[in-house]
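To start, the structure under review is shown below, and the notes come after it.
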Amino acid sequence: MFRRDLRPDSWFFSFLVGLSRSLLAFAVLAKNQTSKGFAPVIIETPRHTYEYVAAALDWWQADRYCEQRFAQLLFEPQDTEQGSFSKLLQSHHITGSLWLKEKDSVLHKTKRRRGHTVPVLVFRDKTDTKYVKVLSDFPALPAVTACAHLQWDTRTQEIATIFSYAVPSFINEFQLRGFVDEEGFVRFALIVHGHHSPYLPVFRADGQWHHFCVTWQQENGTWAIYADGKRRASASGLCSAGPSAPQVIFGQGTFIIGQDQDSLGGTFRAKESFSGNITDLHIWQKVLSTEQIEKVRSCWVIEQDLVFGWSSNALEVESTIQTVTTQLLCPGPVEECRVLEVGSSGFGYASCLQTLPFICLYSKDAYWQLKRAQLESSHSLASCVNTLAVRTVIPDSVFTSDVQDMNLSVALDALDILATVLREGEVPVLDPSDLLSVLQLLKQVSHVEIQEGDELEMLEQLGQYYIEVTELILEEQNTGTWSSVSQVIRGPMAVVELCDRMVSLLVPLLTPARTKITIQHGNIGVEVRELELSEQELSGEAYVVQSPEKDRHDFIEIPVEEMQRLKSRGLHRVTVKNMWFGYGSLQRCLSSSGTGAVSQDTAASDGGQKYLSTTVGTAVISSALLSDHQEISTSVRYRLQHRVQDLPNTLLGPICAFWNFSLSPDAGGMWSTAGCSVVMSLPDSTACFCNHTTNFAVLLQVYEMERTTKEELTLQTLTFIGCGISFFALIVTFILFLVVRVPKSERTTVHKNLIFALAAGEALLMFSELAKTNQVLCFMVTAFLHLFFMAAFSWMLVEGLLLWSKVVAVNMSEDRRMKFYYVTGWGLPVLIVGVTLATSFNKYVAANHCWLNVQTNIIWAFVGPVLFILAVNTFVLLRVVMVTVASARRRSKMLTPNSSLENQIGAQIWAMAKPILVLLPVLGLTWVCGVLVHLGIIWAYVFTVLNSLQGLYIFLVYAIYNSEVRNAIQRMKDKKKALSFTNCSHPINYLSSPRNTTSWETGKPSPAAESALPSPVQKEPPVKNITNKGNFGARIPIGISSIMSPERPAIELTAFKCSVSKQGILRLFSRRCHPEAVQLSSPHWTHEKGRNGGIQE
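So the number in our numbering is just where the residue sits in the sequence shown, counting from 1, plus 7.
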């Protein structure tokens, strides 16, 4: 059922909106019809607006036409939409083929033939004297590709040697020979290690320039010959005869152009020499693919694995050979583009140079925003510029701008005039239409093609005007205008794309004498440089920008490790493009709603602040590496100065981010943190690392401080004091375990490992703030903090497992249990930390502290295991409490059947409270308070106190109030006191161990002790063993059954077993040594035995 709005003004409002849009469209349409004589077909749908252009253009022109109008060439419809979209077009009488743009493919190749000026070697006649030697050291070649442009002399049909390569051990190591057959075709044959391929036709001997490539590789002896971009011959087995596999082409040989070497570097014969013209020879130590050969044919040089590149300086030319400079018209590549067949089969392909109609696609909101801006324009900027230029530089309407190719001179003149008008402030504030017109002009200029012969000084001047105009339109007074057209231009980062194109135009300015071009105007700077990777010692390349503020600068650099990696890939030189956009209207527009969204991992908070917003707080800086005009991915480091001032009671959290154009394409992209991490953050700057190149910035997350500075200082002070006390207490406890000779058992071993891990973690935590200024040291402290605290929690888990083994029967020997405990206690933390470092090395450390990065998912490498351990230990504690309470209830009924109900309840409550108080610190359950920190500052205090004093709890429970530790200390004192007696004839050796006097399992005196007793002493009857028959099917551990006994402490639950009391030992000792000094009555001995005897279940 449809919902009907019964408000009387709703239909009227809709009517007015529709009417206003219709009148707006009619007005603009009338203006277009007046100016151009016709109007394109406009098709509207609920989400998009389509503009059908009947004028046939090639694919590149059609794409530029739509781009000039802030639209996109129509993308390929989805399969589910294809039928309905085709019917929509047919309903507007649109049929035939239309250009499409494929989302997942980008056409990088040039769209037209271009001139290429090169030196040409002229071999006029066949002689035995003319030759050219290549001055290059050739390595061993397991694979090779040689390409060149060739013009064959049609006057002779004899065999000619295009080039020959000889080594001392073999003269005919690598050769290319050819001749003209009777049908007028040039036939080539390839020779490797003296093995000859057949002569096969490759191109017609028509006296024209032809491009050829020959390839060979050691594996299977595979070879191929290409001519004019097509494979003419290929086979395998060349130089693969014989029992052994083909050898590589040996290195350190001599390469001669135009002659066959019958000896190393000489002995030429005229009948085998070359006659014709040759140029643009390049040699690679690999087999080029078909696509790469097509690029080489189009006059692009592939730098990777290049052994020899065509250069007059690298040739030794015989004096009779003429060298001339000529311009080759490089063949344009055959490129196919996607087309939509309206009303027929669907999709197809056609040559991109073919002319076809097309459709420009707008989002509906952007289209109407564009129309409104055009209708409301005052055209003040256009009139000023056109008047000064005495011609139309900026058209009155963005819809009347044609796709026209500007030459360098026209583009320079247009930008000069525009910069003058903007600089003199004749138009103080740009209106939306003016801004769109300027962006249209900048798009046209960015498509300028540099022709051979153009003055490069004009090109550099064009770049300076371009940057100046961009800086002027980004001034603060135009911020509102940028926001008003954000949907049309798909975000302010569109201007960054335009500047990136402009920087690419500056590449021809680079020469061996001038390897860097830098332009900076106000708040925008660009740089393009060429880096030689063949140098012996490489260093990181940095682009440093001096900020308008004094003594502040931003920079971005390519680490030296990346330079080494590129060199190892076989690259000899790369081109680096850098741009910098200082803080201004660009950042303010990016921080506004709609473009300020950030795609990042979930951020964590400690409860001390509340997130408010995210803003672009620095300049935008970018870097890109090019090789063979294709971008190379590499990691970068950059540091940017903060431009946003701290506000009262706020905290700024830096985030390293880059602009991803592929995210939210309708909005022009959005910020993303993928692959980026904070290396170091200071109050006024942030250093970042990213594993790719693009446009970067530092986003500042603004938090409202929910804790005052005094509260934060109090928490830090409590943490430091508590950790210091705990560290000292843990060290004392650990030393006691080692010194007082506590009997060795599973529990003592587990306790010592827990104490060691916790003490190491708290020691590092106390001094971690001192390490945050040193990046390497802070990283190491973070890793060890992660390791030791993870180990501490793992041993807390082991404590729980050990306790569980005492509650529930576990069929595992003690040795196997200890191996399992060590793997859990130390192996698991090492595994977790190792995997975390291996997978998230660059975003491991937080920005402001030496701890895990809480802005990413790295923090879950600690929080996740801790939550699991706390859950397990909570379950163990509940089970222990249940068993303890049940045991206490049965014991109370048996020993004190006539006690009151209040006493029984009190005894059971105390039986339940004792294990909880004892086990909470050792099982780490005080950390559960961490989930309550967000509720208020009180919980933060409770959490800090409980966990910073965890070591003190362990010291009190497992050292001070531990009966076995106390007994061991007392035994040491007694032994020392016993040795001081001189009237005993024999030493009493059983005093060193309680096992000489009392059985640990039964609590009875040993036979030796019994024999020492006088006969009047009466023995207490043995206590009957009690067996648990509760519903849990568990056995009562040693000590649990006696928790309710008023004489036995509950601490034995996880501590140690009780020994014979020190009073009993002393009485035995005194009676042995001084029988006259002590008279032991039977009731007193019975009391001692009752208090020290144990019940084993």
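Each residue gets a CB set at the ideal place from its N, CA and C atoms; glycine is no exception.
Do you know whose CA, among the options, lies nearest residue i's CA?
i, options, result
"Q311", "G591, S171, K983, T152", "T152"
"E537", "L633, Q381, H454", "L633"
"H218", "A234, V209, A878", "A234"
"E467", "M500, V174, K523, R54", "K523"
"V400", "A418, E383, S384", "A418"
"V445", "Q361, E464, I474", "I474"
"A357", "A62, V842, Q376, G103", "G103"
"G265", "V139, P690, V892, F696", "V139"
"L236", "E323, A212, E298, S204", "The amino acid at residue 236 is misidentified as Leu; the sequence shows Gly. When only C-alpha atoms are compared, the closest one is E298."
"P146", "V174, R131, C154", "V174"
"S804", "G532, K813, F875", "Contrary to the premise, residue 804 reads as Leu rather than Ser in this sequence. For L804, the nearest C-alpha among the options comes from F875."
"I552", "L377, G532, F92", "Correcting the residue identity first, residue 552 is Val in this sequence and not Ile. Taking only the C-alpha atoms, the option nearest V552 is G532."
"T330", "K137, I866, V949", "K137"
"K751", "V709, M825, F696, I732", "M825"
What is the C-beta distance between residue i and residue j, in whole angstroms, given that I count them as a contact (C-beta under 8 Å)?
i, j, result
"F365", "L80", "6 Å"
"L128", "I290", "So it is not a contact: roughly 15 Å between Cβ atoms."
"R345", "L148", "Their Cβ separation, rounded to whole angstroms, is 40 Å, which puts R345 and L148 out of contact at 8 Å."
"F77", "V495", "5 Å"
"T755", "F741", "11 Å between Cβ atoms; not a contact."
"A674", "V686", "29 Å between Cβ atoms; not a contact."
"C220", "I166", "Rounded, the Cβ-Cβ distance is 20 Å, inconsistent with contact."
"E769", "F734", "5 Å"
"V583", "L573", "At roughly 11 Å, the Cβ-Cβ gap does not stay under 8 Å, so V583 and L573 are not in contact."
"L689", "G624", "Not really, about 13 Å apart at Cβ, beyond 8 Å."
Here's the rule: buried if 16 or more other CB atoms are within 10 angstroms of the residue's CB, otherwise exposed. What is residue i?
i, result
"L1060", "Here the model assigns L1060 a pLDDT of 39, short of 50, so the residue's position is not dependable, and the following value carries that caveat. Answer is buried; the Cβ neighbour count reaches 16."
"D287", "buried"
"V749", "buried"
"F569", "What sits at residue 569 in the sequence shown is Glu, not Phe. Buried: at least 16 other Cβ atoms inside 10 Å."
"H560", "exposed"
"T394", "exposed"
"L877", "buried"
"Q225", "buried"
"P205", "exposed"
"T700", "buried"
"I263", "buried"
"E109", "exposed"
"S93", "buried"
"K983", "exposed"
"Q292", "buried"
Using a C-beta cutoff of 8 Å, does residue i count as contacting chain B?
i, result
"L419", "Included in the structure is just one protein chain, with no chain B present."
Looking at the strands, I want to know which residues DSSP matches up with residue i.
i, result
"V174", "F177"
"P439", "Looking at the DSSP assignment, P439 forms no beta bridge with any residue, so it has no partner."
"G692", "The question names Gly, yet the displayed sequence has Ser at residue 692. Paired residue(s): Q648, L689."
"L197", "L183"
"G103", "V349"
"T286", "V127, H156"
Apart from the five residues on each side of it in sequence, which residues of its chain come closer than 8 Å, Cβ to Cβ, to residue i?
i, result
"H99", "V48, I50, Y59"
"A501", "L446, G675"
Among residues of its own chain, excluding the 5 on either side of residue i, which ones have a beta-carbon nearer than 7 Å to its beta-carbon?
i, result
"N760", "W802, G832"
"V852", "C785, F786, T789, N860"
"M772", "The sequence given here has Leu at residue 772, not Met. The residues are C730, L792."
"F727", "M773"
"G191", "R211, A212"
"R508", "S453"
Once the 5 residues before and after residue i are set aside, which same chain residues still bring their CB inside 6 Å of it?
i, result
"S1000", "Here the model assigns S1000 a pLDDT of 40, short of 50, so the residue's position is not dependable, and the following value carries that caveat. None."
"F195", "G185, V209, I232"
"H202", "L245, C246"
"G591", "L481, N530"
"T222", "T152, A231, V294"
"A240", "L207, I232"
"W66", "W106, C344, C359"
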